[in-house]
Amino acid sequence: MLPLELIRREPDRVRHAARLKGETAPIDEILTLDEEWRAHLHKAETIKAEQNTLSKEFAKTRDEALKERLREMADRSKAELAEAEAVKRKLDDLLLRVPNLFHESVPVGETEADNVVLRDWGSKVELGFAARTHYDLGESLGIMDFERAARVAGSRFAFLIGQGALLERSLAQFMLDVHTREHGYTEVWPPMLVNSGSMTGTAQLPKFAADAFKVEGQDLWLVPTSEVPLTNLHREEILDADRLPLKYTAYTPCFRSEAGAAGKDTRGFIRLHQFSKVEMVKVTTAETSMEEFEKLTADAEDILQRLGLHYQLMAMCTGDMGFAQYKKYDLNAWCPGIGRYLEVSSCSVFNDFQAMRANMRYRPARGAPPRFVHTINGSGLALTRTVDAIIETFQRADGTVTVPEVLRPYMGGLEIIGGR
RNA sequence: GGGGAGGUGGCUGAGUGGUCGAAAGCACCCGCCUGCUAAGCGGGUAGGGGGUGUAAAGCUCCCUCGAGGGUUCGAAUCCCUCCCUUCCCGCCA
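Encoded structure:
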């Protein structure tokens with residue numbers, strides 16, 4: 001969230017940023033409630049201060065008239081405080097609904113069409129025959145099954161079977177190995193259900209509850225991304241500066257209701273209620289966050305390059321960026337079968353937006369007051385869609401698929417999926 | 001799931017109604033002392049918020065001893081609910 005102080009001082013700046021992001025921000029209500037809150041609080045504290053002084057006096061004098069007066073003061077200060085707290089609760093809820101600002105380098109725009117290609121690595125593969133889709137190939141190879149998944153779970157679920165499941169697992173292991181051994185991340189096995197506090201910390205709540213799955217009757221949510229447990233790992237902590245930046249990576253399933261995506265991407269292994277992802281999260285300082293964000297993006301790109309997949313690095317425009325992000329890049333991998341680029345990674349820097357929500361701070365130096373950390377995350381990569389890109393890019397005329405060399409050691413030396 | 005114990009500052013840990021945001025120790029920081037180090041001596045070191053300062057500093061007040069509520073003029077301390085930790089039993093991948 002944004003500091004209340006900033007909204008007080010520069011409401012127009014916040015309004016403007018929200019507008020360009022295509023979001024709404026209840027700034028006027030916030031300003032009104034802010035004044036109300038402080039008025040009540042001030043009154044409550046004034047009474048309380050006098051009360052505290054007189055109470056000490058009573059301890060000595062045991063004067064009954066004073067006791068009566070104190071009793072009455074206690075009632076008044078409590079009532080005032082309750083009033084202040086009620087207003088503050090409303091205020092806090094609204095604050096959680098104010099979108100983040102954005103970095104000056106973010107292109108201003110409204111839709112996907114206004115995003116900017118920053119890098120274009122490799123080129124569209126020349127197959128020399130008509131490209132088939134991953135779901136067509138997957139089904140005929142017997143490594144993907146959507147029909148049975150629909151029966152077992154419902155639409156937007158899938159089975160990976162045999163070498164398909166092996167491919168997914170090998171990809172996960174390959175990515176984790178690269179990130180931990182070469183990029184300096186610490187592997188984490190996080191909780192895959194989290195509470196509302198964590199969901200609020202990373203800004204899935206309160207605005208986007210409809211996008212996630214909640215466990216019935218309990219304060220537990222299925223993680224929509226391991227960004228949630230990883231970023232919240234140090235929630236409510238004051239970290240030592242010399243520990244930063246923290247770099248975590250995790251391989252987890254992700255669960256999303258896809259509530260707003262009815263009718264979109266219904267075919268194939270693209271938009272599922274459950275997919276898996278290797279995630280990277282960094283916790284750092286204001287001074288280094290933009291640089292660490294670029295590096296994290298490069299870590300994701302490295303995976304695509306090693307796999308030999310053509311991709312584009314897109315700078316998201318203000319309107320396509322999202323509520324919480326300060327700056328965001330997407331990595332889109334080319335899929336010749338479906339004939340379009342699929343988002344296989346999304347890397348974002350949040351500044352202190354998440355840190356304020358999660359109350360995550362660090363101490364710059366001994367004795368210095370704590371400051372909010374900056375958080376960064378990105379997929380490195382989304383496994384399901386990477387599977388798609390691999391199948392479509394490395395398909396062969398006979399419907400089998402060449403395994404990228406870097407994955408072969410993880411697949412028992414397998415060179416061709418569906419080969420014999 | 002049943003029963004017991006417990007949650008206090010960076011850590012250990014005292015504190016059962018006011019003199020307690022909190023003893024003592026450790027750790028850390030700043031001085032002094034010492035040829036250096038260690039020891040010793042003195043001082044300092046929680047977080048959040050309001051008011052007042054252009055801002056920082058400062059001054060001042062309020063809140064916080066797992067969370068929330070209650071009793072009381074007054075709560076770390078008494079009562080209730082919840083959460084978490086831990087031990088024993090049961091169950092279990």
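Following my numbering, the numbering of the first sequence begins with 1 at its first residue and continues without gaps.
Glycine residues also receive a C-beta, built at the ideal position from the N, C-alpha and C atoms.
Asked: Bridge partner(s) assigned by DSSP for residue 96; Found: DSSP, once it has assigned bridges, lists no residue as partnering residue 96.
Asked: Nearest neighbour of residue 208, chosen from 125, 329, 400, 322 [CA to CA]; Found: 322
Asked: Beta-ladder partner(s) of residue 194, from DSSP; Found: 221
Asked: Rounded separation between residue 405 and residue 396 - CA only; Found: 15 Å
Asked: Local Cβ density within 10 Å of residue 380, reported as buried at 16 or more and exposed below that; Found: buried
Asked: Closest by C-alpha distance to residue 313, when choosing among 287, 56, 89, 341; Found: 341
Asked: Pairwise C-alpha distance: residue 121 and residue 112; Found: 20 Å
Asked: Residue 353 classed as buried or exposed, judged by whether at least 16 other C-beta atoms fall within 10 angstroms; Found: buried
Asked: Cα-Cα separation between residue 135 and residue 83, rounded to whole angstroms; Found: 59 Å
Asked: Coil, strand or helix - residue 143 by DSSP; Found: coil
Asked: Counterpart residues of residue 375 in DSSP-defined beta bridges; Found: 283, 351
Asked: Buried versus exposed, by CB contacts within 10 Å (16 or more), residue 189; Found: exposed
Asked: Three-way DSSP call (helix, strand, coil) for residue 232 in this model; Found: helix
Asked: Complete beta strand (DSSP E) runs within the segment 132-181 (minimum length 3 residues, chain order); Found: none
Asked: Given residue 124 as reference, the closest of 374, 311, 202, 370 once Cα atoms are compared; Found: 311
Asked: For residue 211, the three-state DSSP class (helix, strand or coil); Found: helix
Asked: Residues bridged to residue 330 (per DSSP); Found: 314, 346
Asked: Per DSSP, the bridge partner or partners of residue 274; Found: 255
Asked: When 286, 260, 272 are compared against residue 241, the one with the closest alpha-carbon; Found: 286
Asked: Contact check, residue 371 vs residue 363, beta carbons under 9 Å; Found: yes
Asked: Of the listed residues 6, 290, 367, nearest to residue 374 (C-alpha basis); Found: 290
Asked: Residue 401 - partner residues in DSSP beta bridges; Found: 395, 417
Asked: Neighbourhood of residue 300 by C-beta, 8 Å cutoff - its chain only, sequence neighbours within 5 removed; Found: 280, 331, 345, 347, 378, 379, 380, 381
Asked: Member of 49, 117, 90 whose CA lies at the smallest distance from the CA of residue 317; Found: 117
Asked: Proximity below 9 Å, CB of residue 178 to CB of residue 204; Found: no
Asked: Secondary structure of residue 121, DSSP reduced to three states; Found: strand
Asked: Selected residue, minimal CA-CA separation from residue 335, among 53, 417, 35, 269; Found: 269
Asked: DSSP bridge partner residues for residue 101 (one or two, in chain order); Found: The partner list for residue 101 (beta bridge, DSSP) is empty, contrary to what the question assumes.
Asked: Per-residue DSSP class, three states only, for residue 386; Found: helix
Asked: Beta bridge counterpart(s) of residue 63 as assigned by DSSP; Found: Per DSSP, none; premise fails for residue 63.
Asked: Check whether residue 173 and residue 410 have beta carbons under 9 Å apart; Found: yes
Asked: Boundaries (first-last residue) of the alpha helix (DSSP H) holding residue 363; Found: Taken as a continuous stretch (DSSP letters only), residue 363 belongs to no alpha helix (DSSP H), being part of the beta strand (DSSP E) at 361-363.
Asked: Contained alpha helix (DSSP H) runs [length at least 4] in the segment 1-37, N- to C-terminal order; Found: 4-9, 11-20
Asked: Inter-residue CB distance, residue 195 and residue 220 (contact presumed, cutoff 8 Å); Found: 6 Å
Asked: Cβ contact check for the segment 142-149 and the segment 50-68: 3 or more pairs under 8 Å; Found: no
Asked: Of the residues 70, 102, 42, the one placed nearest residue 21, counting alpha carbons only; Found: 102
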